[in-house]
Amino acid sequence: MLVKSTQSLSFEPKFHDNYLAFLEKVGLDSLYHEVLLTTCVISKALLSPETLSHPTFNQVPPGRTLPSSEFLLRVLKNLGRWLGKLVVTTKSFLSKTDIDLKSLIVEAYKLGLLTKTIPFVLE
4 MLVKSTQSLS
14 FEPKFHDNYL
24 AFLEKVGLDS
34 LYHEVLLTTC
44 VISKALLSPE
54 TLSHPTFNQV
64 PPGRTLPSSE
74 FLLRVLKNLG
84 RWLGKLVVTT
94 KSFLSKTDID
104 LKSLIVEAYK
114 LGLLTKTIPF
124 VLE
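Laid out in structure tokens, this is it:
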């Protein structure tokens, strides 16, 4: 269920506030922590150099108008926005074990993938 919710978060940013309101109403720290952890795991997987530099991300999939790379950038931007809202709303912080933004930027710079990583980090 949490994976499905995270997928919805990445495609439908207009519902971010609704999801946050739901988490606040439920008020379970364990649920909040699980949502945060799942979002970080999915974000790290999408931000891995193997994913970002894969050749299929420069092709236009059948039935889509955007290349996969642009679609991935939108998903990363939406996940970054969600993660930022989640952290700011609950007045918590991200630790390096959750997601290490500094190392993400350094690794992306070394591999020439900054244009794909920065939208996530900025949000």
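With the numbering used here, letter number 123 in the sequence shown gets 126, and the count goes up by one each step, no holes. We put the CB at the ideal spot given by N, CA and C, even for glycine.
Presumed contact (8 Å Cβ cut-off) between residue i and residue j, rounded CB distance
i	j	result
Ile108	Val91	So it is not a contact: roughly 20 Å between Cβ atoms.
Leu114	Leu23	With 8 Å as the limit, Leu114 and Leu23 do not qualify as a contact, their Cβ atoms being about 33 Å apart.
Asp101	Cys43	5 Å
Lys119	Leu55	5 Å
Extent of the continuous alpha helix (DSSP H) to which residue i belongs
i	result
Ile108	Leu104 to Leu114
Asp32	Asp32 to Leu49
Asp3	No answer is possible for residue 3: the residues shown for the chain start at 4 and end at 126.
Glu53	Pro52 to Leu55
Pro122	Leu117 to Leu125
Alpha-carbon to alpha-carbon, residue j and residue i
i	j	result
Pro52	Thr41	19 Å
Gly83	Leu50	11 Å
Val6	Ala111	Low confidence applies here, because Val6 scores a pLDDT of 47, under 50, leaving its location unreliable and the question unanswered by this model.
Tyr35	Phe96	13 Å
Phe18	Lys80	15 Å
Pick from the options that is closest to residue i, judged by C-alpha positions
i	options	result
Leu117	Glu27, Leu76 and Leu97	Leu76
Leu39	Ser98, Lys105, Pro122 and Lys113	Ser98
Ile121	Glu27, His36 and Val78	Val78
Asp20	Glu110, Ala111, Thr93 and Ser106	Thr93
Glu15	Phe74, Lys105 and His36	Phe74
Leu86	Ser106, Gly30 and Ile45	Ile45
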